[in-house]
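Novice: Sequential numbering from 11 applies to the sequence shown in my numbering.
For each residue, glycine too, the CB sits at the ideal point set by N, CA and C.
Before I ask anything, let me first share the structure, which is written out below as structure tokens.
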Amino acid sequence: MGRRHYCLNQAVGMDQVTRTARLVAQSEFHRACLQTVALLNLPDYFIGAGFLRNLIWDDIHGFTSPSPLNDVDVVYHHRADITKEAEQKYEARLRHLMPGVVWQVRNQARMHVHKQHAPYCTTTEALSFWVETATCVGIRQAPDQTYCISAPLGLADNWAGRVRQNPAFDDTVVYKQRIEAKGWHQRWPKLDIQ
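Here is the structure:
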């Protein structure tokens, strides 16, 4: 599958991308997180993983309010400063701006090392290697208040409630451990976990 990065505005027709953007726009919490992270002006950043995935799963299950998140994953790509201290500085700033949220900030310019991959060129490329296809998603708010969604493996699995191992992630043991530990099926019983 090709890389997909969508920048949205009100003129886009109704499809999985605009449905996703609409869900985010309807959630006060999600809007506040996006506005807060935008203040940091991080390079090539997205709020990823469960921030979008869970919101979509809530919608297909008919939940009227978003499921609580364990943390909010902020990912960015900045080769000039790959220190953990930089990430910690951003986390501290976000905690100050929005203290009720557990923030996790990671520079994707260094994440390839522990996966033994070649360096990632962009955040979207890094997202494309995350464990589950439905987790390989991110969103940010553009300066013109539109949403940019990065979905390197598309949004079809999210909207189908399908949970499957990303073909680019080759550790099935880790995948199965994550499925067991996350307990997604208890929260979202309609999920098709493969």
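Helix, strand or coil for Tyr-157 per DSSP?
Specialist: Strand at Tyr-157.
Novice: Asp-202: which of Asp-25, His-71, Tyr-55 sits nearest, CA to CA?
Specialist: The option with the nearest alpha carbon to Asp-202 is His-71.
Novice: What does a CB cutoff of less than 6 Å around Asp-81 pick up in its chain, not counting 5 residues either side in sequence?
Specialist: Once the five neighbours on either side are set aside, the close Cβ partners of Asp-81 are Val-112, Gln-114.
Novice: Taking one C-beta from the region 92-107 and one from the region 26-35 each time, how about it: are there three or more such pairs within less than 8 Å?
Specialist: No: fewer than three Cβ pairs fall under 8 Å.
Novice: What separation, rounded to the nearest whole angstrom, lies between the Cα atoms of His-122 and Ala-166?
Specialist: Using only the alpha carbons, I get a separation of about 26 Å.
Novice: Contact defined as beta carbons within less than 8 Å: I believe Leu-56 pairs with Val-85. What is the distance between those atoms, to the nearest angstrom?
Specialist: Reading off the sequence, residue 56 comes out as Phe, not Leu. Yes, Phe-56 and Val-85 are in contact; Cβ-Cβ is about 6 Å, under 8 Å.
Novice: Can you say whether Val-184 is buried or exposed, counting buried as having 16 or more other CB atoms within 10 angstroms of its CB?
Specialist: It is exposed - the Cβ of Val-184 has fewer than 16 other Cβ atoms within 10 Å.
Novice: Sorted by chain position, which residues of the same chain lie with C-beta nearer than 6 Å to Ala-21's C-beta, five sequence neighbours on each side aside?
Specialist: In this prediction, Ala-21 scores a pLDDT of 39, lower than 50, which makes its location untrustworthy; the coordinate-derived value is nonetheless stated afterwards. If we look at Ala-21 and ignore the five residues flanking it on each side, it has no Cβ neighbours.
Novice: Got a sec, what are the start and stop residues for the beta strand (DSSP E) Val-85 sits in?
Specialist: 82-86 is the span of the beta strand (DSSP E), which, as asked, contains Val-85.
Novice: Would you call Ala-144 buried or exposed, if buried means 16 or more other Cβ atoms sit within 10 Å of its Cβ?
Specialist: Its Cβ being crowded by 16 or more others within 10 Å, Ala-144 is buried.
Novice: Which residue comes first and which comes last in the beta strand (DSSP E) that contains Phe-56?
Specialist: Run containing Phe-56: 56-58, per the beta strand (DSSP E) assignment.
Novice: How would you label Asn-51, buried or exposed, when you count the other beta carbons within 10 angstroms and need 16 or more for buried?
Specialist: Counting Cβ neighbours within 10 Å, Asn-51 comes out exposed, since fewer than 16 surround it.
Novice: Below 8 Å between beta carbons: does that hold for Val-147 and Arg-63?
Specialist: A contact, by the Cβ cut-off of 8 Å.
Novice: On the three-state DSSP scale, how would you describe Gln-151?
Specialist: Residue state, collapsed to three classes: strand.
Novice: Let me know if Arg-150 comes out buried or exposed under the rule of 16 or more other beta-carbons within 10 Å of its beta-carbon.
Specialist: Buried, by the Cβ-count rule.
Novice: How is the alpha helix (DSSP H) around Val-115 delimited, first residue to last?
Specialist: Where Val-115 is concerned, there is no enclosing alpha helix (DSSP H), although the beta strand (DSSP E) it sits in stretches over 113-117.
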